[in-house]
Amino acid sequence: MSIEILMPALSPTMEEGNLSKWLKNEGDTIKSGDVIAEIETDKATMEVEAVDEGVLAKILIAAGTEGVKVNTPIAILAVEGEDVDQAAKGVGEADETPKAIAVAAEPAPDKQAAVPAAPKTEAAADPDIPAGTEMVSTTVREALRDAMAEEMRRDQDVFVMGEEVAEYQGAYKITQGLLQEFGTERVIDTPITEHGFAGVGVGAAMAGLKPIVEFMTFNFAMQAIDQIINSAAKTLYMSGGQMGAPIVFRGPNGAAARVAAQHSQCYAAWYSHIPGLKVVMPYSAADAKGLLKAAIRDPNPVIFLENEILYGHSFDVPKMDDFVLPIGKARIHKPGKDVTLVSFGIGMTYCTKAEAELRGMGIDAEVIDLRTIRPLDLDTIIASVKKTNRLVVVEEGYPQSSVGDFIANQVSQRAFDHLDAPVLTIAGKDVPMPYAANLEKLALPNVAEIIEATKAVTYR
Amino acid sequence: MASAAKRAPAKKADAKPGTNPTTPKPVEFNKQQELDAYRAMLLIRRFEEKAGQLYGMGFIGGFCHLYIGQEAVVTGLKMSLIEGDQMITGYRDHGHMLAMDMSARGVMAELTGRKGGLSKGKGGSMHMFSKEKHFYGGHGIVGAQVSLGTGLAFANKYRKNNNVALAFFGDGAANQGQVYESFNMAALWKLPVIYVIENNRYAMGTAVSRSSAETDFSHRGISFKIPGIQVDGMDVRAVKAAADLATEWCRSGKGPIILEMLTYRYRGHSMSDPAKYRTKEEVQKMRSEHDPIEQVKARLFEKKWASEEELKEIDKEVRDIVADAVDFAQTDPEPDASELWTDITL
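Here the protein sequences come in this chain order: Z and P. Here full-length UniProt numbering is used: position 63 in the first sequence is 63, and no number is missing along the way. Here full-length UniProt numbering is used: position 254 in the second sequence is 254, and no number is missing along the way.
This is the structure in structure tokens:
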């Protein structure tokens, strides 16, 4: 039962190589691990080690031969108890060395399997709010705190960690009171070490806990983005579904006021690029509460993008025992028939103001609050466009590869015949955020731009 | 370790007597322990040799980092673990998975990208996991596993269980920033984590002396008050002794500890590394004088605890396991096309 020694591939791309030297002669005894030959590839000279033990019965490819294809037999090894001369004459019938197989080669183009269609996911509708439910005016700040507190009461595995979340009560007071209620074991001040504590959070999540990791701002999460993307987002897939990371990364995102370029970036488009993540960016307090509760319960990593300016805004929040909203479902903020305005997060403040002015001009705009950026509720947008035939998308992030760009592209592919005008996108200006008050104002989207765009798509 | 005199575990000038641990003497193994260690290390060696061969034949794609030479490290550490203790490591991970009793078939079939692989063929050599066996990967980003492993220890402490997390990384990863961020938190919060630095002397092709200002990695925790000891990582008994000490240290609530394992990889960094940064003599010397498997074998013969035939029996048993894994990994079908879209989110 002799064994063929094959020309090995020594890199992911090697197809052939030169057999430069034999270090063993015919008749030599070989142990596994012995270097038997040297091969030159396009990159380097590599040693070939024996895997099996026996006697080198015959060298099939002489030293100095160039262009030897991978998997060509280069020698025959006689295994223990075998007649070397017999082995040299040819490889036995029951060759135990596995043969190279077709899988190793590129499949012929016509044999390439068709790419299966992506599955379609349907987001659940918002829960019914029973008639007569008391509505309580609540700030976004309070709503976020209430969401965390309720979920921490409900599930012992939920904890919150981040810079200044405990004793300081939160840099933006989002975690106010949590330390007092839940103690130091569940409300944890971290050192200023985003990369490290994001990784610790993901590790704890892989072990089955449900961390809420607060970044003082998402600008600082850039230090941690490897753990968010490479560890949190990809593990479920890479483990074949065995292990994921039920974790929420939350904190303020985007421009606040006069904090300049390093503290003013919107990351909605960045994270929306990544399969394995969910990305939520609420505008109202009710959505902030209902969606944060959903994010904490979600078995996947969720990026929860808040806004410092919105923290102090008040909205009605239904007084319900357990108000949870579906991730992945946009909300029609105000129905209309003439044009669709789509936005999310603080972008909604511009849209609502613009909508009121447009109404005065006789334009009835439908305003859609995306709430979730990934998975994106394109169905709601497209249904609206089929009605209004016009679309303007508004966001604070940079224009290139923006959320609006993606929406415009999808709408043009899926509802082209329904469009009466090109989709217009309004984004932050393509500049690092300036500090000077006047320049900062210019860099952000504004109501006048939305009105102008709306007039353009409605030909007014 | 004559040739490795300067690699002998160093005495610590800074260690406070009586508080910080020092390198323990290798434990004396009984016959069964020697045989168990022999079998466990041989399984890793034979498995890796076959993996190298399958790579050469094009069955395994991408990157493939073999553990040959370092077998005593994971084997000795595993001998001290109790149910529920976790392991996490980088991309040189096949040995750790076999040590954690993950199936040879599952690992090999993952290497060949087949349906029956541990990650259904979607992870590959560097990305495999087993919740059941408490193995948390298999990570391709150098150093990321250190923060993640610290998080596993955080979960143990949070749950007040008695378990310990082992975070393995190399001399190369030891220079990553997040390692020290993790050290700081682990010490601050007294997390039960053993940082196992597998110092195989080369971070890919860069020798430790060319990459590291402090080449004694057991000292890397000093700024965080994390004790560290150097261990002869080629002697499975020395590793076991260090593992006993470290697990006891963690379980008694003293927080993290660093074990620097002085070890050596015989093969290149990955399959496509010709290893021109070291001499053949250096490799040959480690193989002939310090091989972890040969050391056990020599003791078994010396104490007459096993005959040549008995060891051959173990060899055959191991070869059969590997041959079965290879056969499975070659015949198992590739994943269904529909798997493209599964396991992205739950």
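From the three backbone atoms N, C-alpha and C, an ideal C-beta is built for every residue, glycine too. Since we're looking at a predicted model, the values are computed, not measured.
Collapsed DSSP secondary structure at residue i in the structure displayed
{"i": "Z:Tyr455", "result": "It should be noted that the sequence gives Lys, not Tyr, for residue 455 of chain Z. It is helical."}
{"i": "Z:Pro119", "result": "coil"}
{"i": "Z:Ser231", "result": "helix"}
{"i": "Z:His273", "result": "coil"}
{"i": "P:Met286", "result": "helix"}
{"i": "P:Met126", "result": "coil"}
{"i": "Z:Asp95", "result": "Model confidence at Z:Asp95 stands at a pLDDT of 47, short of 50, so the residue's coordinates are unreliable; what they give is reported in the following sentence. If DSSP states are grouped into helix, strand and coil, Z:Asp95 belongs with coil."}
{"i": "P:Ala337", "result": "helix"}
{"i": "Z:Asn307", "result": "coil"}
{"i": "P:Lys12", "result": "Residue placement at P:Lys12 cannot be trusted, given a pLDDT of 49 that sits under 50; the coordinates are not used to answer."}
{"i": "Z:Ile36", "result": "strand"}
{"i": "Z:Phe249", "result": "strand"}
{"i": "P:His269", "result": "coil"}
{"i": "P:Tyr195", "result": "strand"}
{"i": "Z:Gly244", "result": "coil"}
{"i": "residue 462 of chain Z", "result": "Because chain Z spans 1 through 460 in this model, residue 462 of chain Z falls outside it and cannot be assessed."}
{"i": "Z:Thr45", "result": "strand"}
Interface partners of residue i on chain P, CB under 8 angstroms
{"i": "Z:Ser11", "result": "Met271 and Ser272"}
{"i": "Z:Glu185", "result": "Tyr158"}
{"i": "Z:Glu383", "result": "Checking the sequence, you will find Ala at residue 383 of chain Z rather than Glu. By Cβ distance, chain P contributes nothing, its closest Cβ being about 24 angstroms from Z:Ala383, past 8 angstroms."}
Residue i versus the options, residue with shortest Cα-Cα distance
{"i": "Z:Gly336", "options": "Z:Lys319, Z:Leu292, Z:Glu306 and Z:Leu391", "result": "Z:Leu391"}
{"i": "Z:Glu396", "options": "Z:Asp287, Z:Pro445, Z:Leu341 and Z:Asp364", "result": "Z:Pro445"}
{"i": "Z:Met14", "options": "Z:Val35, Z:Thr41 and Z:Asn25", "result": "Z:Thr41"}
{"i": "P:Asn200", "options": "P:Ile68, P:Ile194 and P:Met126", "result": "P:Ile68"}
{"i": "P:Glu282", "options": "P:Gln295, P:Glu71, P:Leu43 and P:Arg267", "result": "P:Arg267"}
{"i": "P:Gly196", "options": "P:Ala213, P:Gly205, P:Ser218 and P:Val208", "result": "Note on identity: in this sequence residue 196 of chain P is Val, with Gly being the wrong assignment. Nearest C-alpha to P:Val196: P:Ser218."}
{"i": "Z:Ala50", "options": "Z:Ser384, Z:Thr340, Z:Val79 and Z:Glu452", "result": "Z:Val79"}
{"i": "P:Ile314", "options": "P:Ala187, P:Asp36, P:Lys276 and P:Thr23", "result": "P:Asp36"}
{"i": "Z:Tyr271", "options": "Z:Pro399, Z:Ala260, Z:Pro375 and Z:Gly241", "result": "Z:Pro375"}
{"i": "Z:Asp322", "options": "Z:Asp128, Z:Val55, Z:Ala75 and Z:Ala87", "result": "Z:Asp128"}
{"i": "P:Arg159", "options": "Z:Leu144, Z:Glu185 and Z:Ile74", "result": "Z:Glu185"}
{"i": "residue 461 of chain Z", "options": "Z:Ala456, Z:Glu440, Z:Met433 and Z:Ser2", "result": "Here chain Z covers residues 1 to 460 and nothing more, so residue 461 of chain Z does not appear."}
{"i": "P:Lys31", "options": "P:Pro333, P:Lys297 and P:Asp332", "result": "P:Lys297"}
{"i": "P:Gly221", "options": "P:Glu49, P:Asp232, P:Gly121 and P:Val193", "result": "P:Val193"}
{"i": "P:Glu110", "options": "P:Thr150, P:Tyr55 and P:Lys280", "result": "P:Tyr55"}
{"i": "Z:Phe182", "options": "Z:Leu424, Z:Val302, Z:Ile61 and Z:Arg153", "result": "Z:Arg153"}
{"i": "Z:Ala448", "options": "Z:Val68, Z:Thr349 and Z:Ile373", "result": "Z:Thr349"}
{"i": "Z:Leu209", "options": "Z:Lys21, Z:Met243, Z:Asp52 and Z:Glu194", "result": "Z:Met243"}
{"i": "P:Val146", "options": "P:Gln86, P:His94, P:Gly113 and P:Thr23", "result": "P:Gln86"}
{"i": "Z:Ala205", "options": "Z:Tyr398, Z:Ser401 and Z:Val302", "result": "Z:Val302"}
{"i": "P:Val236", "options": "P:Ala203, P:Ile258 and P:Gln295", "result": "P:Gln295"}
Contacts that residue i makes with chain P (C-beta to C-beta distance below 7 angstroms)
{"i": "Z:Pro119", "result": "Trp341"}
{"i": "Z:Tyr237", "result": "Lys122, Asp343 and Ile344"}
{"i": "Z:Asn300", "result": "Thr345 and Leu346"}
Host beta strand (DSSP E) of residue i (start-end)
{"i": "Z:Trp22", "result": "Glu16 to Trp22"}
{"i": "P:Gly228", "result": "Gly228 to Asp232"}
{"i": "residue 375 of chain P", "result": "Summary: the structure shown does not reach residue 375 of chain P, with chain P confined to residues 1 through 346, and so no result is reported for it."}
Cβ pair residue i, residue j closer than 7 angstroms
{"i": "P:Gly76", "j": "P:Ala243", "result": "yes"}
{"i": "P:Val27", "j": "P:Lys240", "result": "yes"}
{"i": "Z:Val115", "j": "Z:His313", "result": "no"}
{"i": "Z:Thr217", "j": "Z:Gly251", "result": "yes"}
{"i": "P:Leu118", "j": "P:Gly106", "result": "yes"}
{"i": "P:Pro21", "j": "P:Pro227", "result": "yes"}
{"i": "Z:Arg145", "j": "Z:Gln176", "result": "yes"}
{"i": "P:Ser130", "j": "P:Thr150", "result": "no"}
{"i": "P:Ser272", "j": "Z:Ser11", "result": "yes"}
{"i": "Z:Ile327", "j": "Z:Lys278", "result": "yes"}
{"i": "P:Ala187", "j": "P:Lys225", "result": "yes"}
Under 7 angstroms by beta carbon: chain Z residues contacting residue i
{"i": "P:Lys131", "result": "Gln242 and Met243"}
{"i": "P:Gln178", "result": "His195, Gly196 and Gly199"}
Closer than 9 angstroms at the beta carbon, the chain P residues around residue i
{"i": "Z:Asn71", "result": "Gly56, Met57 and Gly58"}
Chain-ordered chain Z contacts of residue i [CB-CB under 8 angstroms]
{"i": "P:Lys316", "result": "Those do not exist, as P:Lys316 stays about 12 angstroms from chain Z at its closest Cβ, beyond 8 angstroms."}
{"i": "P:Gln53", "result": "Pro8 and Val51"}
{"i": "P:Tyr136", "result": "Gly203, Met206, Ala207 and Met243"}
{"i": "P:Ile141", "result": "Asp226, Asn230 and Ser231"}
Terminal residues of the alpha helix (DSSP H) in which residue i lies
{"i": "P:Asp315", "result": "Glu308 to Thr331"}
{"i": "P:Pro292", "result": "Pro292 to Glu302"}
{"i": "Z:Ala124", "result": "Per DSSP, Z:Ala124 belongs to no alpha helix (DSSP H) and is neither H nor E."}
{"i": "P:Tyr55", "result": "Lys31 to Gly56"}
Contacts that residue i makes with chain Z (C-beta to C-beta distance below 9 angstroms)
{"i": "P:Leu118", "result": "Ser239, Gly240 and Gln242"}
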